[in-house]
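I have placed the structure first, in the form of structure tokens, so that the comments after it can refer back to it.
There are 2 protein chains.
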Amino acid sequence: MNPNSSYYAVIFTSRHSENTEGYDDMANKMETLAKTQIGFLGIESARNSIGITISYWESLDAIKNWKQQTDHLVAQQKGKQDWYNWYKVRICKIEREYEFFKD
Amino acid sequence: MNPNSSYYAVIFTSRHSENTEGYDDMANKMETLAKTQIGFLGIESARNSIGITISYWESLDAIKNWKQQTDHLVAQQKGKQDWYNWYKVRICKIEREYEFFKD
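In order, the protein sequences belong to chains A and X. Its first residue numbered 16, the first sequence is counted upward by one per residue in our numbering. Its first residue numbered 16, the second sequence is counted upward by one per residue in our numbering.
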């Protein structure tokens, strides 16, 4: 991450359909691929009744490039066709942050 | 939510300690309480290896008020003392969003 300058997050919130065949593989592939993209800073995700994946990026341009990356486009298409009943994407600017670590 | 004007999110990412006694009760209580706060728009959360809770707010002032709400301060204290090994809070401005629903 980059605490000294502003950065951006993509909040991806989703609800799966019944058909999740191939989803885990694709999710892993996309996470690996995201990490190779210019401007990528980090990714966090968790799922139970809904899934939340947040990816962090240096700029809005980096986010736009990732959205249009060819293999990612295929994954998005497959997601809409098969894996998701619903999702929402929010592009955010991080205004400030703080962190706690137990000693 | 409020799609017509900008709004804010608090991304709360956390890792539990071994001691989570009382955590679920408190989390439910805080979610119920957050929903009564002025400027509250919504909340989403998921947990497996890490927990992610995102709350949405009309303004930075609403976020500040919620951070300082008395019962919430008690919960934050208890969280640092007992429930979390690590957490990170990011305050974000939603720049834009889009949504997909399966027909």
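From the three backbone atoms N, C-alpha and C, an ideal C-beta is built for every residue, glycine too.
**Q.** Neighbour flag for residue 81 of chain A against chain X, beta carbons, 7 Å
**A.** Here residue 81 of chain A refers to the residue found at position 66 when the first sequence is read from its first residue. False, the Cβ-Cβ gap to chain X never drops below 7 Å.
Q: Tell me the start and end of each unbroken alpha helix (DSSP H) in the segment 41-87 of chain X that is at least 4 residues and wholly inside, in chain order.
A: 75-83
Q: Would you kindly check if the distance between the Cβ of residue 109 of chain A and the Cβ of residue 30 of chain X is under 7 Å?
A: By one-based count along the second sequence, residue 30 of chain X stands at place 15. By one-based count along the first sequence, residue 109 of chain A stands at place 94. No. Outside cutoff.
Q.
Among A:54, A:43 and A:36, whose alpha-carbon lies nearest the alpha-carbon of residue 81 of chain A?
A. For the purposes of this step, residue 81 of chain A is identified with residue 66 of the first sequence, where counting begins at 1. Of the candidates A:54, A:43 and A:36, the one whose C-alpha sits nearest the C-alpha of residue 81 of chain A is A:54.
Q. With 7 Å set as the bound, which would you pick, yes or no: does the beta-carbon of residue 115 of chain A sit closer than that to a beta-carbon of chain X?
A. Working through the first sequence from its first residue, we reach residue 115 of chain A at position 100. Closer than 7 Å: yes.
Q. Which bits of chain A does residue 101 of chain X rub up against, with CB to CB less than 8 Å?
A. On the second sequence, residue 101 of chain X is found 86 positions in, with the first residue counted as 1. Within 8 Å Cβ-Cβ: 114, 115, 116 and 117.
**Q.** Boundaries (first-last residue) of the beta strand (DSSP E) holding residue 103 of chain A
**A.** As a position in the first sequence, residue 103 of chain A is number 88, starting the count at 1. 99-116 is the span of the beta strand (DSSP E), which, as asked, contains residue 103 of chain A.
(Q) Measuring only the C-alpha atoms, how far is residue 67 of chain X from residue 99 of chain X? (A) As a first step, residue 67 of chain X must be located in the second sequence, where it is residue number 52. As a first step, residue 99 of chain X must be located in the second sequence, where it is residue number 84. Those two C-alpha atoms are separated by around 13 Å.
Q. Start and end of the beta strand (DSSP E) containing residue 22 of chain A?
A. In the first sequence, residue 22 of chain A corresponds to position 7, counting from 1. Taken as a continuous stretch (DSSP letters only), residue 22 of chain A belongs to no beta strand (DSSP E), as it is neither H nor E.
Q: Report yes if the CB atom of residue 71 of chain X is closer than 7 Å to the CB atom of residue 94 of chain X, and no otherwise.
A: As a working mapping, residue 71 of chain X is identified with position 56 in the second sequence. As a working mapping, residue 94 of chain X is identified with position 79 in the second sequence. Not in contact: residue 71 of chain X and residue 94 of chain X (Cβ atoms no closer than 7 Å).
(Q) Quick check: residue 114 of chain X and residue 103 of chain A, are their CB atoms within less than 7 Å of each other? (A) Numbered from 1 along the second sequence, position 99 holds the residue referred to as residue 114 of chain X. Numbered from 1 along the first sequence, position 88 holds the residue referred to as residue 103 of chain A. Yes. Within cutoff.
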